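**Q** The structure follows.
Residue numbers (our numbering): 1 to 225.
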């Protein structure tokens, strides 16, 4: 599995350095920073502890939207479940799902230390995940969260006997477009719980199920028209 770690507007250089160390320890190497230059501060080097090569190869992008097309799957991480309209997976559940529905490229997205991801950024993502904690506070800091997820997802690349064939990015995108067209014809808006629920679940299908879903949506659209 080709996995990138994405940090959106990190404000603390130390968190970036510690995150770089965490992902290298767990066997990953690609770190993308959105709209921040804090990784250039000395503190990032101090906290990297042997992962300076990760810092030196950091990619910087202006926005999450600017890298969306590069990945088959964007996975949003949040401090807690935000509403009932989306399915939120634990790191372990996420790892299990990636075993069943592997993608050629995926990005694990972490939000700002103070406010997380915006609603607009969440809408760009295909999966949603959080770490259940014994208490609401104190929550994990950014570097700790990166370590938890990096460990959980490092297991995926070691698993064999995958049970599902990957659906191509183009096929999934076409299916989501058909789903959006169907919802539009049924006058289901983005504010309705059904809208994000359907699109989230369409994104999780393997190739065989994607083919069946294409046929089903085609039939439904014909009947509506």
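Virtual Cβ for every residue (Gly too), placed ideally from N, Cα, C. What you are looking at is a predicted structure, and each value in this text was computed from that prediction instead of being measured.
Does the beta-carbon distance from residue 149 to residue 79 come in below 8 Å?
**A** Residue numbering aside, residue 149 sits at position 149 when the chain shown is read from its first letter. Residue numbering aside, residue 79 sits at position 79 when the chain shown is read from its first letter. No, these two residues do not count as a Cβ contact at 8 Å.
**Q** Taking the continuous alpha helix (DSSP H) assigned at residue 21, which residues delimit it?
**A** One-based indexing of the chain shown puts residue 21 at position 21. Start and end: 13-25.
**Q** Run the CB neighbour count on residue 23, radius 10 Å, all protein chains shown included, and call it buried at 16 or more, exposed below.
**A** Walking along the chain shown from the start, residue 23 turns up at place 23. By the neighbour-count rule (16 or more Cβ atoms within 10 Å), residue 23 is buried.
**Q** Measuring alpha carbon to alpha carbon, tell me which residue in 147, 179 and 184 is nearest residue 17.
**A** Translated into positions along the chain shown, residue 17 becomes position 17. Per the Cα distances, 147.
**Q** Can you check the region 67-108 for any alpha helix (DSSP H) of at least 4 residues that lies completely inside it and give the ranges in chain order?
**A** As far as the region 67-108 is concerned, its whole alpha helix (DSSP H) runs of at least 4 residues are 91-100.
**Q** Taking only three categories from DSSP, how would you classify residue 51?
**A** Here residue 51 refers to the residue found at position 51 when the chain shown is read from its first residue. Three-state DSSP puts residue 51 in coil, outside helix and strand.
**Q** Whole angstroms is fine: what's the gap from residue 37's alpha carbon to residue 60's?
**A** Translated into the one-based positions of the chain shown, residue 37 becomes position 37. Translated into the one-based positions of the chain shown, residue 60 becomes position 60. Taking the straight line from one Cα to the other gives about 8 Å.
**Q** Whole angstroms are fine: how far does the CA of residue 31 sit from the CA of residue 194?
**A** As a working note, residue 194 is residue 194 in the chain shown. As a working note, residue 31 is residue 31 in the chain shown. Distance between the alpha carbons of residue 194 and residue 31: 34 Å.
**Q** Should residue 212 be labelled buried (16 or more other beta-carbon atoms within 10 Å of its own) or exposed?
**A** Stepping through the chain shown from its first residue, residue 212 is reached at position 212. Exposed: under 16 other Cβ atoms inside 10 Å.
**Q** Going by Cα to Cα distance, which pick from 174, 170, 108 and 178 is closest to residue 151?
**A** Taking the chain shown and counting its residues from 1, the one referred to as residue 151 is at position 151. Cα-wise, what sits closest to residue 151 is 108.
**Q** Is the beta carbon of residue 21 less than 8 Å from the beta carbon of residue 50?
**A** Against the chain shown, residue 21 aligns to sequence position 21. Against the chain shown, residue 50 aligns to sequence position 50. Yes, the pair counts as a contact, with Cβ atoms nearer than the cut-off.
**Q** According to DSSP, simplified to helix, strand and coil, what is residue 31?
**A** Stepping through the chain shown from its first residue, residue 31 is reached at position 31. Three-state result, residue 31: strand.
**Q** Does the beta-carbon distance from residue 128 to residue 68 come in below 8 Å?
**A** On the chain shown, position 128 is the one that residue 128 refers to. On the chain shown, position 68 is the one that residue 68 refers to. Their beta carbons are not under 8 Å apart, which means residue 128 does not touch residue 68 by this criterion.
**Q** To the nearest angstrom, how far is it from the Cα of residue 161 to the Cα of residue 5?
**A** Counting from 1 along the chain shown, the entry for residue 161 is found at position 161. Counting from 1 along the chain shown, the entry for residue 5 is found at position 5. Annotation note: pLDDT 35 at residue 161 (below 50); position unreliable, coordinate value reported separately. Taking the straight line joining both Cα atoms gives about 25 Å.
**Q** Just curious, the beta strand (DSSP E) that residue 59 is in, first and last residue?
**A** Position 59 of the chain shown, counted from the start, is the residue given in the question as residue 59. Here the beta strand (DSSP E) through residue 59 covers 59-61.
**Q** Can you tell which of 154, 215, 35 and 203 has the C-alpha that lies nearest to the C-alpha of residue 26?
**A** Here residue 26 refers to the residue found at position 26 when the chain shown is read from its first residue. When only C-alpha atoms are compared, the closest one is 154.
**Q** Beta strand (DSSP E) containing residue 145: first to last residue?
**A** Along the chain shown, one-based indexing puts residue 145 at 145. Run containing residue 145: none in the beta strand (DSSP E); it sits in the alpha helix (DSSP H), 142-154.
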